[in-house]
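First the structure, in the form of structure tokens, and then the observations on it.
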Amino acid sequence: MVQSRREVRILLLGEPGVGKTSLILSLVSEEFPEEVPARSEEITIPADVTPEKVPTHIVDYSSLEQTEDQLLAEILRAHVICVIYAVDDEDTLDKVTDYWLPLVRQTLGEEHSTPVILVGNKVDLVEYSTLEAVIPIMNEFAEIETCVECSARTLKNISEMFYYAQKAILHPTAPLFNTAERDLTEACKAALGRIFKICDMDNDGLLSDTELNTFQRRCFNAPLQPQGLDDVKSIVMKNVRDGVVDDALTLDGFLFLHCLFIQRGRHETTWTVLRKFGYGDDLTLTKEYLFPPPSLAARLLPGSPVRRLPVSPSHSETALHTAALDSWSLRIPPGCSTELTHQGYQFLQVMFEKYDQDKDGCLDPEELIQLFSTCPYIPWGKQVYNTVPTDSRGYLTLQGYLSQWTLWTLLGAGRTLEYLGHLGYSYVMEEPQSAAIHVTREKRLDLQKKQTSRTAYQCHVIGPKGAGKTTFCQGLLNRNTETVSSVLESDLSKQTISPVQVYGQERYLLLRDIDVHSVTDTLLPSEAQCDVVCLVYDVADPRSFEYIGGIYLKYFAETPVPCLVVGNKSDRGEVRQQYMTQPGEFCRRHRLPPPQTVTCTGTVRRDVYLKLATMAAYPRFLPAWMLFSRSGRHLRSMGLLPRDNSGWMKLGLGLAAVVCGGFLLARYARFLHQ
Numbered sequence: 002m003v004q005s006r007r008e009v010r011i012l013l014l015g016e017p018g019v020g021k022t023s024l025i026l027s028l029v030s031e032e033f034p035e036e037v038p039a040r041s042e043e044i045t046i047p048a049d050v051t052p053e054k055v056p057t058h059i060v061d062y063s064s065l066e067q068t069e070d071q072l073l074a075e076i077l078r079a080h081v082i083c084v085i086y087a088v089d090d091e092d093t094l095d096k097v098t099d100y101w102l103p104l105v106r107q108t109l110g111e112e113h114s115t116p117v118i119l120v121g122n123k124v125d126l127v128e129y130s131t132l133e134a135v136i137p138i139m140n141e142f143a144e145i146e147t148c149v150e151c152s153a154r155t156l157k158n159i160s161e162m163f164y165y166a167q168k169a170i171l172h173p174t175a176p177l178f179n180t181a182e183r184d185l186t187e188a189c190k191a192a193l194g195r196i197f198k199i200c201d202m203d204n205d206g207l208l209s210d211t212e213l214n215t216f217q218r219r220c221f222n223a224p225l226q227p228q229g230l231d232d233v234k235s236i237v238m239k240n241v242r243d244g245v246v247d248d249a250l251t252l253d254g255f256l257f258l259h260c261l262f263i264q265r266g267r268h269e270t271t272w273t274v275l276r277k278f279g280y281g282d283d284l285t286l287t288k289e290y291l292f293p294p295p296s297l298a299a300r301l302l303p304g305s306p307v308r309r310l311p312v313s314p315s316h317s318e319t320a321l322h323t324a325a326l327d328s329w330s331l332r333i334p335p336g337c338s339t340e341l342t343h344q345g346y347q348f349l350q351v352m353f354e355k356y357d358q359d360k361d362g363c364l365d366p367e368e369l370i371q372l373f374s375t376c377p378y379i380p381w382g383k384q385v386y387n388t389v390p391t392d393s394r395g396y397l398t399l400q401g402y403l404s405q406w407t408l409w410t411l412l413g414a415g416r417t418l419e420y421l422g423h424l425g426y427s428y429v430m431e432e433p434q435s436a437a438i439h440v441t442r443e444k445r446l447d448l449q450k451k452q453t454s455r456t457a458y459q460c461h462v463i464g465p466k467g468a469g470k471t472t473f474c475q476g477l478l479n480r481n482t483e484t485v486s487s488v489l490e491s492d493l494s495k496q497t498i499s500p501v502q503v504y505g506q507e508r509y510l511l512l513r514d515i516d517v518h519s520v521t522d523t524l525l526p527s528e529a530q531c532d533v534v535c536l537v538y539d540v541a542d543p544r545s546f547e548y549i550g551g552i553y554l555k556y557f558a559e560t561p562v563p564c565l566v567v568g569n570k571s572d573r574g575e576v577r578q579q580y581m582t583q584p585g586e587f588c589r590r591h592r593l594p595p596p597q598t599v600t601c602t603g604t605v606r607r608d609v610y611l612k613l614a615t616m617a618a619y620p621r622f623l624p625a626w627m628l629f630s631r632s633g634r635h636l637r638s639m640g641l642l643p644r645d646n647s648g649w650m651k652l653g654l655g656l657a658a659v660v661c662g663g664f665l666l667a668r669y670a671r672f673l674h675q
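Take 2 as the starting number for the sequence shown in our numbering and just add one per residue.
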């Protein structure tokens, strides 16, 4: 739940002699002081003795001891202002409208949001009430939250006065309720509408008894008793047409209940709900809710503040990955990456199934709009349909939907955190959305262990323009040249992602298309850092291989990053490459797997993508070890190990002979010693 204000500062204003100081001293000592100073010192009430459990500072003002500048400074510092008048002195009430309230507006601005409490003191001296005279004042000054009459001498309503002051700032009325129209504000309706959609787990537009009980338990830590539930629905049915349908609460009924709470002075009920779902005092989702602090985030570290770049539905997918976050970013240690946890995938699948209304296993455009209806906007543009798997109609499958979230998280977890917050992760999963993301171990450790625990691998597809890299990347989505040629170039993505099976385990392979414009071209550091490299050349172009040959020698020959050479467009016939060595010899000389020849026409072969994922999963594997394992047979079947094993067999037998000989020699020496 979003934390409310950490402290409350209450300022008491009013004419001399109205009892400001007496009210403060009576509250503290619980008795009326016979001797009253001109002004009380600032009083701090500890959190554990206040109803709202918030430290409260009470500040007195005296025109005899303070200047006008000091008065204005205190008004600016105050969270809530109590304007005191004496019920037995009509002039002091006139001063409220003639001087004090205009002064507050002049200091804070005509549209200020600091709440004001009107307090009529000394009710012990009169037999009448001034509340009727106060009503026109409350109508004229919208900042007035409430009015209370009290007595410092008899202690009547003293505690209530300061409770109302606390409540006015901790649970303000103005953001929630339009007193002139006697209705919820539009911002409040929008926030409660989002909450309703999140709680409507079956997406039928109604809150059933089960959903209402879940809502009650997660917001107030207590179940809703059956009789209480029936009473709530009965009140709604009497006051709102179609507020209850099929014995379940509609959105109109839900809004009416909160309007009723506020009209009855129970603002804290609505604020408790709003803060549970991440809203701050201005009814926008807070940074702390959308981006849980490091103390709550599983292995996530705070980074340097960076400027946020606005992203709209018209921006390209690449703009999303470069977007940063206001005064917050995730600092990932070098060599690590971010991935979704099991809980993260579980929540996303729940959301998919909730909004897949026709249960066809896909999200059509309208269903996707509904899924993101609790978010500021749909974050994915047209390119998403050419980035992840879709069905024959071009709709997002569950595989494609999860692939896109995996891509987002891999390239920058901040945006994932933000949208999981909008979608209601913390309510559904009962934990902060930081639990949906974890940081992988360093790549250095993966290389030492010769395998990785990561579930998503980045593969950079590098080669000259015209080598068919875009079509090769689309092949991961089972799309061939004919299919790709029918797509507008502006709708094609520079990256694709799809799940692949590596030894029976589902892993995500991300292909990123990187152009090499000349044989002397340079790569950016980010372009050279990945889990596996796919060097693509056109087998029908005699000058194509020299591009990737040079890139390999310059950037990857001395690094542990696994590389696979792929000869594309094999259907056009292979020609001799105008390079110092031919591709096959080049791979043997640099101890690379044999070149893989592919074509993107006709049926797409997925074995090359499986090879890339396997190489990423087992970087720097030892052929000698792999030779004696099932893994070795698997890799050889994919062409990642040579078929001729005799050399390794001889080496293994030789090592075994040496070990056995040493053992026998040691036994013989021990026998002679005896």
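From the three backbone atoms N, C-alpha and C, an ideal C-beta is built for every residue, glycine too.
Sequence-distant residues of the same chain with beta carbon closer than 8 Å to residue i, five excluded per side
i	result
Phe257	Val237, Asn240, Val241 and Gly244
Leu335	One point to set straight first is that residue 335 is Pro, not Leu, in the sequence displayed. Contacts found: Glu443.
Arg40	Thr22, Asp61, Tyr62, Ser63, Leu65, Glu66 and Gln67
Ala541	Lys570, Arg573, Gly574, Glu575 and Val576
Per DSSP, the bridge partner or partners of residue i
i	result
Ile159	Its beta-bridge partners do not exist; DSSP assigns none.
Gln597	Val567
His439	Glu340
Gly121	Tyr86 and Glu150
Cys376	Note: Cys376 sits in no beta bridge, so no partner.
Gln502	Glu507
7 Å CB neighbourhood of residue i in its chain, flanking five on each side removed
i	result
Met202	Glu212 and Lys355
Ser404	Val389, Pro390, Ile498, Ser499, Pro500 and Tyr509
Gly551	Val520
Pro176	Thr186, Ala188, Cys189, Asp282, Asp283 and Leu284
Val29	Ile44
Phe178	Leu185, Thr186 and Ile263
Residue i versus residue j - alpha carbon distance
i	j	result
Gln579	Ile549	12 Å
Leu132	Gln167	21 Å
Val50	Tyr164	11 Å
Ile118	Ile333	49 Å
Glu269	Gly345	32 Å
Leu252	Tyr420	23 Å
Arg7	Arg195	26 Å
Phe557	Ile515	15 Å
Lys123	Ile25	14 Å
Gln358	Thr375	17 Å
Ser114	Glu150	23 Å
Asn387	Thr602	18 Å
Val233	Arg267	15 Å
Thr456	Leu477	17 Å
Ser317	Pro620	Below a pLDDT of 50, predicted positions are generally treated as unreliable, and Ser317, at 37, falls in that range; no measurement from the model is reported.
Leu301	Ala191	Because the pLDDT at Leu301 is just 39, under 50, the model does not fix this residue reliably, and the value given afterwards should be weighed accordingly. Rounded to whole angstroms, Leu301 to Ala191 spans 31 Å at the Cα level.
Leu446	Leu341	20 Å
Leu364	Lys383	14 Å
Gln449	Ser545	34 Å
Residues near residue i by beta carbon distance below 6 Å, same chain, minus five either side
i	result
Trp272	His172
Ala617	Tyr458, Asp532 and Val533
Ser393	none
Ala79	Arg10 and Leu12
Val88	Gly121, Lys123, Val124, Val127 and Thr131
Residue i, buried or exposed, once every other Cβ within 10 Å from all chains shown has been counted against 16
i	result
Tyr86	buried
Gln597	buried
Val576	exposed
Asp539	buried
Lys466	exposed
Lys612	buried
Tyr62	buried
Pro38	exposed
Met352	buried
Gly15	buried
Gly395	exposed
Ile370	exposed
Val246	exposed
Gly413	buried
Glu368	buried
CB-CB length for residue i against residue j, believed under 8 Å
i	j	result
Val9	Thr45	Contact flag wrong, Cβ pair sits at about 11 Å.
Near the ligand NAP: residue i beta-carbon under 7 Å from a heavy atom
i	result
Thr108	By its list of ligands, the structure shown contains no ligand whatsoever, and the ligand NAP lies outside what it can speak to.
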